[in-house]
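If you're matching them up, the sequences are chains R and E in order. Take the first sequence: its letters are residues 1 to 413, numbered as in the working numbering. Take the second sequence: its letters are residues 414 to 745, numbered as in the working numbering. Backbone N, C-alpha and C define an ideal beta-carbon position, used for all residues, glycine too. Let me begin by presenting the structure, written as structure tokens, before commenting on it.
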Amino acid sequence: MSRTTLSTGLALTLVSAIALTGCGSGGGEEVAADAKQTLTVWAMGEEGARLKPVAAEFTKEHPNIKVKITPVGWDVVHQKLVSSLAGKKLPDMAQMGSTMMGEFIALDALEPVDTKAFKRSDFFPATWDSNVRDGTAYGVPWYADVRALYYRTDLAKKAGVTKAPTTWADQQALATAYKKHGAEYGTQLQPGATGAWQGWLQYLYSTGGELLGKDGKPALDSPQAVKAFKAWGSYFDKGLAKKNFTPGEDAAKDFSNGKRPMFQSGPWMVQNINDQHPELKGKWAVAPVPGDKSSTSWVGGSSLVTFKDSAHKAAAEEFTKYLATPKVQAHWYEVDKTLPAAKAAWDQPAMKNGDSSLPVFEKALGSAEAVPPVEKWNEFAVQIESALEKIARGADASATAKQLQKSAAGLVG
Amino acid sequence: MSSTTAATGAEGRVRKDPEGAGRTDDVPPRPGGNGLRKDRLARHNLAGWLFSTPFLAVFLTFMAFPIIATLLMSFTDFGLRNVTDPLSAQFVGLDNYTKLFQDEKFVRALLNTLYFVVLGVPLTIGSGLVTAVLLNSGIDRFRTFFRVGFYAPVVTAIVAVAVIWRFVLDPSEGLIAGVGHQLGFSTPDFLGSETLAMPSLIVMAVWRNMGTAMVLFLAGLQAIPTEVREAARIDGANAFQELRKITVPLLRPTMLYVAVMTTIGFLNVFEEPFVMTQGGPNEATMTLSLDMYREGFDFFHMGYASAMAYVLFVIVLAVTSLQLRLLKDKTS
Numbered sequence: 001m002s003r004t005t006l007s008t009g010l011a012l013t014l015v016s017a018i019a020l021t022g023c024g025s026g027g028g029e030e031v032a033a034d035a036k037q038t039l040t041v042w043a044m045g046e047e048g049a050r051l052k053p054v055a056a057e058f059t060k061e062h063p064n065i066k067v068k069i070t071p072v073g074w075d076v077v078h079q080k081l082v083s084s085l086a087g088k089k090l091p092d093m094a095q096m097g098s099t100m101m102g103e104f105i106a107l108d109a110l111e112p113v114d115t116k117a118f119k120r121s122d123f124f125p126a127t128w129d130s131n132v133r134d135g136t137a138y139g140v141p142w143y144a145d146v147r148a149l150y151y152r153t154d155l156a157k158k159a160g161v162t163k164a165p166t167t168w169a170d171q172q173a174l175a176t177a178y179k180k181h182g183a184e185y186g187t188q189l190q191p192g193a194t195g196a197w198q199g200w201l202q203y204l205y206s207t208g209g210e211l212l213g214k215d216g217k218p219a220l221d222s223p224q225a226v227k228a229f230k231a232w233g234s235y236f237d238k239g240l241a242k243k244n245f246t247p248g249e250d251a252a253k254d255f256s257n258g259k260r261p262m263f264q265s266g267p268w269m270v271q272n273i274n275d276q277h278p279e280l281k282g283k284w285a286v287a288p289v290p291g292d293k294s295s296t297s298w299v300g301g302s303s304l305v306t307f308k309d310s311a312h313k314a315a316a317e318e319f320t321k322y323l324a325t326p327k328v329q330a331h332w333y334e335v336d337k338t339l340p341a342a343k344a345a346w347d348q349p350a351m352k353n354g355d356s357s358l359p360v361f362e363k364a365l366g367s368a369e370a371v372p373p374v375e376k377w378n379e380f381a382v383q384i385e386s387a388l389e390k391i392a393r394g395a396d397a398s399a400t401a402k403q404l405q406k407s408a409a410g411l412v413g
Numbered sequence: 414m415s416s417t418t419a420a421t422g423a424e425g426r427v428r429k430d431p432e433g434a435g436r437t438d439d440v441p442p443r444p445g446g447n448g449l450r451k452d453r454l455a456r457h458n459l460a461g462w463l464f465s466t467p468f469l470a471v472f473l474t475f476m477a478f479p480i481i482a483t484l485l486m487s488f489t490d491f492g493l494r495n496v497t498d499p500l501s502a503q504f505v506g507l508d509n510y511t512k513l514f515q516d517e518k519f520v521r522a523l524l525n526t527l528y529f530v531v532l533g534v535p536l537t538i539g540s541g542l543v544t545a546v547l548l549n550s551g552i553d554r555f556r557t558f559f560r561v562g563f564y565a566p567v568v569t570a571i572v573a574v575a576v577i578w579r580f581v582l583d584p585s586e587g588l589i590a591g592v593g594h595q596l597g598f599s600t601p602d603f604l605g606s607e608t609l610a611m612p613s614l615i616v617m618a619v620w621r622n623m624g625t626a627m628v629l630f631l632a633g634l635q636a637i638p639t640e641v642r643e644a645a646r647i648d649g650a651n652a653f654q655e656l657r658k659i660t661v662p663l664l665r666p667t668m669l670y671v672a673v674m675t676t677i678g679f680l681n682v683f684e685e686p687f688v689m690t691q692g693g694p695n696e697a698t699m700t701l702s703l704d705m706y707r708e709g710f711d712f713f714h715m716g717y718a719s720a721m722a723y724v725l726f727v728i729v730l731a732v733t734s735l736q737l738r739l740l741k742d743k744t745s
């Protein structure tokens, strides 16, 4: 063997060695709950940082389990999870956004929930159902997001409205009144782009519609869906909402300066408005989303999942149990201002003495419906969003719904 | 692939030596004569290989392997479910490529990208050239200040740029809207309008990239001998004639480089629509790279996105070779 070939061989070996070290090892033996171990957990963004002290409390009760929390940004978490799954480098546990569930269930990455330890009846039903596929639950609800209507009571009074709007007609009347009395737009409503579906789905649910029909196929051209599209689109038709989407719009700012004195959003906006616009105190209120047949919101939020490859499933269950106890759930509300998914937590003093808007959210959680776990949720949502954008720009609702149904049909099933 | 040619070259050289053909393997090299020379040659090669190993390792792992993997992937239906077992992806031949050209969104993105390039590249080169010429001859005292000023956007993070440009373009509180309001005319919603969103992004991209062109042109201008300019002036050429007949022709090599690099950059446009419009409104600013990113990382259609990448690659290759041909220095 000449030295030239030898060195070529050497170079190749080196390269393949480097390439191979990229592929790690698989899972190992299961570790018992009472053994000394470190549990790795990924949590999103700020919540990851806030979870650290809570995890430290847990370790005080379970000295043998050290919890290592890694905060991961919401914007990158999906990619990171997928690449860790490919590289078999997943953590033991993670916080998972409700709309990501479908995908990871389909990827067979999640461990089914131990139904002896966690019961559906302990949680708001919709929070549990968004983790269920074919009768099996894959995540334990941690906290919940549900929509409500935020409106300026002072400006409403000026415009002659003294009661919170409860129906679609009420809401539109209020928006019209706001506009007549000097608001730039009657309401803030996102006309398209990422996340626009979050402003529309409560319309669909409140008129008795579903994203997926009984057969598991999309039901986006049902009479209810068309009705929801029309009700949503009417705000743009009548000039009550801005047709053009500008990324980075600050709903709280436009709310406080009275340019758009009404919007529907999740519970975190209570904190945002209180923090950023303390001068608004007493001039606004939170009400259930106005409905058609019913006032039905959809449920978002996060669940706690354990990955199939984890060697610390028993410890993960202990930590999940700890986070789902009413006391810790209520404490988490104080820390994070997100709503507890466990029903019993709402009887805790922290919840009873919490913000005055809490009863509205509690009621909304009770009647809310789940977003079904769809494997290709991202694509599915983009299809809805582009249909919404077309409708906001004046397209016919029923024709657009038909088109949407056709393009969404290939994504589900 | 310079490494392969080097390897075969070295082997060839050894084999050409008729005496040494079998000797390297069988007989230990004798001191002196042919054996020593060959030994030295082999050692020489070994050192070369050792020196290039770090580069080769990095190149093969991080460049060659992904490039080839992407090409192969573009002929498969590689999707989310294949991430745990990449070899389970099905081979689908040219399906991805034929599907691409029936995909309305892709065609729209292709046209948008061409629009961006056709308008953006000449504007960037033109404004870069003009500022370079002005800085080179006009302003003396604050030259450094202006150089830094025009180059600053190039090195500023895109997120900061986006914050500033959103403020400039904001329809209700923006700089342009404010000035318009003072002067008594209403300004449109630049980023919200399907017709104005793309031109707004083009202006922003030109602003961001003209600094690079300017710096390169400045370097090129220094290389033009003053004698030529003097001669032109003695012959009675005015400033415009001097620019057209002296500066631009003598800048041709720089021009070629700037044109090629700017075009490649603009064909790959991603950041501007990503931070400013997310491809909207109604896909008016959807570009090839952004569409590819969404297909690949939001939807995980890796096979499809790989096919897109190769279509973009072929376009870049074609446009670049056309430019090289058209702008080649004809004097040499």
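Nearest candidate by alpha-carbon position, reference residue i, set the options
| i | options | result |
| --- | --- | --- |
| A225 (chain R) | R:S398, R:L51, R:V31 and R:E46 | R:S398 |
| S297 (chain R) | R:L365, R:A345 and R:F307 | R:L365 |
| D154 (chain R) | R:A341, R:M262 and R:Y205 | R:M262 |
| L730 (chain E) | E:P694, E:G678 and E:T483 | E:G678 |
| E47 (chain R) | R:K60, R:I69 and R:G282 | R:I69 |
| F58 (chain R) | R:L39, R:Q190, R:V77 and R:Y322 | R:Y322 |
| T207 (chain R) | R:A144, R:P218, R:L174 and R:W168 | R:W168 |
| M44 (chain R) | R:Y143, R:E111 and R:Q37 | R:Y143 |
| D292 (chain R) | R:Y203, R:K180, R:V270 and R:K242 | R:Y203 |
Straight-line gap, residue i to residue j (C-alpha atoms, nearest Å)
| i | j | result |
| --- | --- | --- |
| E708 (chain E) | L107 (chain R) | 18 Å |
| D438 (chain E) | F464 (chain E) | Bear in mind that a pLDDT of 47 at D438 (chain E), under 50, signals an unreliable position, so the number given afterwards is only what the model happens to contain. Rounded to whole angstroms, D438 (chain E) to F464 (chain E) spans 25 Å at the Cα level. |
| L90 (chain R) | E29 (chain R) | 16 Å |
| A303 (chain R) | S295 (chain R) | For clarity, residue 303 (chain R) is Ser in the given sequence; the question names Ala instead. Approximately 24 Å, taken between the alpha carbons. |
| G692 (chain E) | M705 (chain E) | 12 Å |
| F245 (chain R) | T194 (chain R) | 10 Å |
| L664 (chain E) | F710 (chain E) | 42 Å |
| A575 (chain E) | R556 (chain E) | 27 Å |
| G192 (chain R) | A164 (chain R) | 27 Å |
| K658 (chain E) | N525 (chain E) | 35 Å |
| F598 (chain E) | P584 (chain E) | 13 Å |
| V15 (chain R) | P601 (chain E) | Confidence in V15 (chain R) is poor, its pLDDT being 39 and thus under 50, which makes the residue's placement unreliable; the coordinate value appears in the next sentence. Distance between the alpha carbons of V15 (chain R) and P601 (chain E): 56 Å. |
| Q198 (chain R) | E184 (chain R) | 23 Å |
| T127 (chain R) | M623 (chain E) | 52 Å |
| L740 (chain E) | K227 (chain R) | 60 Å |
| H594 (chain E) | E586 (chain E) | 10 Å |
| K281 (chain R) | Q271 (chain R) | 12 Å |
| A159 (chain R) | T698 (chain E) | 40 Å |
| W578 (chain E) | S613 (chain E) | 9 Å |
| C23 (chain R) | F580 (chain E) | For C23 (chain R), the predicted structure reports a pLDDT of 39, less than 50, and the residue's modelled location is therefore unreliable. A value from the coordinates is still provided. Taking the straight line from one Cα to the other gives about 46 Å. |
| G591 (chain E) | I615 (chain E) | 22 Å |
| L536 (chain E) | R554 (chain E) | 27 Å |
Beta-carbon neighbours of residue i, restricted to chain A and to distances below 8 Å
| i | result |
| --- | --- |
| G693 (chain E) | This model lacks chain A altogether, as its protein chains are R and E. |
Within 9 Å, strictly: CB atoms of residue i and residue j
| i | j | result |
| --- | --- | --- |
| L582 (chain E) | P247 (chain R) | no |
| A251 (chain R) | S234 (chain R) | no |
| F712 (chain E) | T700 (chain E) | no |
| F361 (chain R) | V140 (chain R) | no |
| A370 (chain R) | S130 (chain R) | yes |
| F504 (chain E) | L513 (chain E) | no |
| D237 (chain R) | G394 (chain R) | yes |
| L493 (chain E) | V82 (chain R) | yes |
| K180 (chain R) | G239 (chain R) | no |
| F319 (chain R) | L39 (chain R) | yes |
| D122 (chain R) | K343 (chain R) | yes |
Element boundaries [beta strand (DSSP E), containing residue i]
| i | result |
| --- | --- |
| L304 (chain R) | W298 to T306 |
| W42 (chain R) | Q37 to M44 |
| A285 (chain R) | W284 to A287 |
| P141 (chain R) | V140 to V146 |
| K68 (chain R) | I65 to V72 |
Residue i, enclosing alpha helix (DSSP H) - first and last residue
| i | result |
| --- | --- |
| M93 (chain R) | Looking at the DSSP string, M93 (chain R) is not in any alpha helix (DSSP H); the run it does join, the beta strand (DSSP E), is M93 to G97. |
| V543 (chain E) | E517 to V546 |
| Q172 (chain R) | W168 to K180 |
Cβ separation of residue i and residue j, assumed to be a contact under 8 Å, to the nearest whole Å
| i | j | result |
| --- | --- | --- |
| P218 (chain R) | A55 (chain R) | Not really, about 40 Å apart at Cβ, beyond 8 Å. |
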